[in-house]
Amino acid sequence: MNRIKTTLDQLQKDNKKALVTYIVAGDPEPAVTVDAMHALVASGADILELGIPFSDPMAEGPVIQLAHERALKHSTSLRDALAMVTEFRRANNHTPIILMGYANPIEKMGYSVFADAAKSAGVDGVLTVDLPPEESAPFTQVLKQQHLENIFLIAPTTTARRQQAIVEQAGGFIYYVSLKGVTGAGHLDVDSVEQKLGEIRSLTQLPICVGFGIKDGATARAAAACASGVVVGSAIVSAIAATNNGQIDSIKATISDIVGEIRSALDS
């Protein structure tokens, strides 16, 4: 069974909310990414999202755009990200890993080659921000052949017709974007999120995790009250960027502080 489903099923049985954390592969430099992934798990993350550096990350706010730029300064590639997953799996074979990025690097590699490499590395799911559901069927089919989940975003502006098209292909969980805008922007409107999640639940039994507006324990707890879990990215990436020259000990301490606080809030 795919690690994403195993983990989310167990969290539901335990009456706990999922904490999905995002960092960019190679940020602030490639040598620290695998250690940072282990630190995220040790601090309470249930699922890891590893961003694939891309030159035009259109869905990202300034914080994560800068993380992509830092990673690209080291020429961190899709193949480098896959190698980091392989290294992470040497010590952790149970935490789900999702690659989150944009279509160009995957299409350049080729769907089948990518899916084979991702499976071999130990990836469990893929979220391709700019591959619309109308064009995703061939990619979804290739991922399914490797038992990889294709995870989709649903936004506040997504129409009912498009929501239906998305849930018919989606696997793992639905990633609900809590606000109109890019990552790290705006104010979380819990009432609006709850209403939209009700609409999505009428279409699918997949878990729903909420992201794009989760900044701390308070916002995580508020969003999780009506969701299966939360996704935290910009807050972690921003904190890592503020550490002492990217030293891994400083990064571990930062991750422990911010992720530990959110974990505690979700479990309280």
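The sequence shown begins at 58 in the working numbering and counts up one residue at a time.
C-beta: ideal position from N, C-alpha, C; glycine also.
Distance CB(residue i)-CB(residue j) smaller than 7 Å
i, j, result
"residue 313", "residue 100", "yes"
"residue 223", "residue 277", "no"
"residue 206", "residue 229", "yes"
"residue 257", "residue 232", "no"
"residue 160", "residue 143", "no"
"residue 179", "residue 155", "no"
"residue 288", "residue 81", "no"
"residue 317", "residue 79", "no"
"residue 204", "residue 59", "yes"
Contacting residues, own chain, Cβ-Cβ under 8 Å from residue i (five flanking each side not counted)
i, result
"residue 131", "83, 86 and 87"
"residue 250", "233, 235, 267, 280, 283 and 284"
"residue 202", "172"
DSSP state of residue i mapped onto helix, strand, coil
i, result
"residue 209", "strand"
"residue 58", "coil"
"residue 232", "strand"
"residue 152", "coil"
"residue 75", "strand"
"residue 117", "coil"
"residue 90", "helix"
"residue 263", "coil"
Local Cβ density within 10 Å of residue i, reported as buried at 16 or more and exposed below that
i, result
"residue 227", "buried"
"residue 125", "buried"
"residue 157", "buried"
"residue 282", "exposed"
"residue 141", "buried"
"residue 94", "buried"
"residue 70", "exposed"
"residue 103", "buried"
"residue 295", "buried"
"residue 165", "exposed"
"residue 114", "buried"
Own chain partners of residue i with C-beta closer than 6 Å, once the 5 adjacent residues on each side are dropped
i, result
"residue 234", "210, 212 and 269"
"residue 305", "89 and 92"
Nearest-angstrom Cα separation, counted from residue j out to residue i
i, j, result
"residue 199", "residue 173", "9 Å"
"residue 195", "residue 68", "31 Å"
"residue 96", "residue 308", "9 Å"
"residue 123", "residue 175", "25 Å"
"residue 61", "residue 153", "5 Å"
"residue 246", "residue 190", "26 Å"
"residue 321", "residue 225", "34 Å"
"residue 214", "residue 135", "30 Å"
"residue 315", "residue 188", "31 Å"
"residue 111", "residue 127", "11 Å"
"residue 255", "residue 265", "10 Å"
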